[in-house]
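Residue numbers (my numbering): 130 to 400.
The block underneath contains the structure these notes are about, expressed in structure tokens.
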Ligand code: ATP
Ligand code: MG
């Protein structure tokens with residue numbers, strides 16, 4: 130049991146090159162939901178926008194030690210980790226200085242592996258590490274994808290969603306070929322769902338054809354509480370626990386853990 134648990138996939142990059150699809154909302158609310166279930170979670174903010182940082186109740190001023198200091202080799206991850214203000218998970222914060230890392234690392238050694246290396250020193254303290262990637266295919270995203278065992282891909286169920294996925298799949302193929310052969314898709318998460326829209330149903334069916342078994346049964350509805358919570362520095366379950374959005378992320382956390390348990394059971398069965 131112990132061996133299975135320690136070898137289980139635990140570093141998850143939440144990624145989609147398309148902007149505004151709910152990556153950050155998912156990272157913050159899934160982290161907080163897993164924490165309420167007793168899991169130890171580390172959230173890594175890899176986006177210079179720092180939205181996961183402020184959404185976790187941490188200021189993103191440039192004096193706060195951040196993931197930038199780690200990527201350029203000036204601080205260990207342990208030195209930059211902070212507790213979230215309300216969510217009972219830990220955070221590696223980001224701020225605008227991270228935008229500079231892109232330039233500074235261009236000629237750096239092992240530049241795509243910086244986050245992966247840094248995580249080896251802390252990941253055994255956590256059940257799950259969730260990485261919030263920026264909406265671009267840049268060196269920061271490559272650090273996230275290289276550090277991850279698995280990818281969680283949030284997407285809006287709209288007509289262009291599938292088109293955007295083509296780019297993402299190409300990126301995944303390239304990362305697997307050159308940087309991280311073991312990485313794979315954990316799940317596709319439908320976000321900002323309007324259940325009355327027939328387009329959403331059509332896109333869900335189409336997704337299921339291309340990614341059988343990968344789509345989370347739980348979909349996140351469009352819910353204004355999810356959009357309001359970050360301005361209070363709180364995950365939705367601490368801002369308005371009974372809201373539909375908060376409840377959906379709790380449900381997602383349950384499904385997420387169940388899938389992880391399934392992975393462990395499969396491994397044990399094979400032993
Ligand atoms: P970016 O690509 O810029 O990093 P993102 O993919 O991280 O964006 P979010 O920041 O999570 O996306 O969400 C984009 C906007 O939509 C935010 O204002 C957020 O509060 C809002 N939002 C996210 N999910 C929902 C939802 N289920 N219902 C309502 N609003 C949502
Ligand atoms: Mg974001």
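Using N, Cα and C, we set each Cβ at its ideal position, and we do this for glycine too.
**Request:** Check the DSSP bridge columns for residue 284 and list the partner residues they point to.
**Result:** 319
**Prompt:** Under the criterion of a Cβ to heavy atom distance below 8 Å, does residue 144 qualify as lining the ligand MG?
**Reply:** no
**Prompt:** Span of the beta strand (DSSP E) holding residue 261?
**Reply:** 257 to 261
**Request:** Could you tell me whether any non-hydrogen atom of the ligand ATP is closer than 8 Å to the CB of residue 147?
**Result:** yes
**Item:** Distance CB(residue 250)-CB(residue 206) smaller than 9 Å
**Value:** yes
**Assigned exposure category for residue 324 - 16 Cβ within 10 Å defines buried** = exposed
**Request:** Confirm the yes/no value for this check: CB of residue 285, any heavy atom of the ligand MG, distance under 8 Å.
**Result:** no
**Message:** Quick test of your reading: residue 270 and residue 224, contact by CB under 8 Å. State the CB separation rounded to the nearest angstrom.
**Reply:** Contact flag wrong, Cβ pair sits at about 17 Å.
**Message:** Going by DSSP in three states, residue 171 sits in which element: helix, strand or coil?
**Reply:** strand
**Message:** Using CA atoms only, rank isn't needed, just tell me which of 154, 141, 172 and 393 is closest to residue 319.
**Reply:** 154
**Request:** Report the partner residues of residue 143 according to the DSSP bridge assignment.
**Result:** 261 and 281
**Asked** Is residue 189 near the ligand MG, with its Cβ less than 8 Å from a heavy atom?
**Response** no
**Prompt:** Considering only C-alpha positions, which residue in the set 282, 247 and 385 is nearest to residue 210?
**Reply:** 247
**Request:** Consider the C-beta atom of residue 174 and the heavy atoms of the ligand ATP; say whether any pair is separated by less than 8 Å.
**Result:** no
**Prompt:** Any heavy atom of the ligand MG closer than 8 Å to the Cβ of residue 263?
**Reply:** yes
**Prompt:** So the alpha helix (DSSP H) residue 112 belongs to, where does it begin and stop?
**Reply:** One cannot answer for residue 112 here, as it falls past the ends of the chain, which runs 130 to 400.
**Message:** Would you call the stretch 329 to 337 in contact with the stretch 169 to 182, where contact means no fewer than 3 C-beta pairs closer than 8 Å?
**Reply:** no
**Request:** Using three-state DSSP, classify residue 226 as helix, strand or coil.
**Result:** coil
**Asked** Can you find at least 3 beta carbon pairs, one from the stretch 331 to 346 and one from the stretch 282 to 292, that sit closer than 8 Å?
**Response** yes
**Message:** Cutting at 7 Å between CB atoms, please list the residues of its own chain near residue 365, excluding the five before and the five after it.
**Reply:** 158, 354, 355, 358, 372, 374, 375 and 378
**Item:** Of the listed residues 167, 276 and 186, nearest to residue 310 (C-alpha basis)
**Value:** 276
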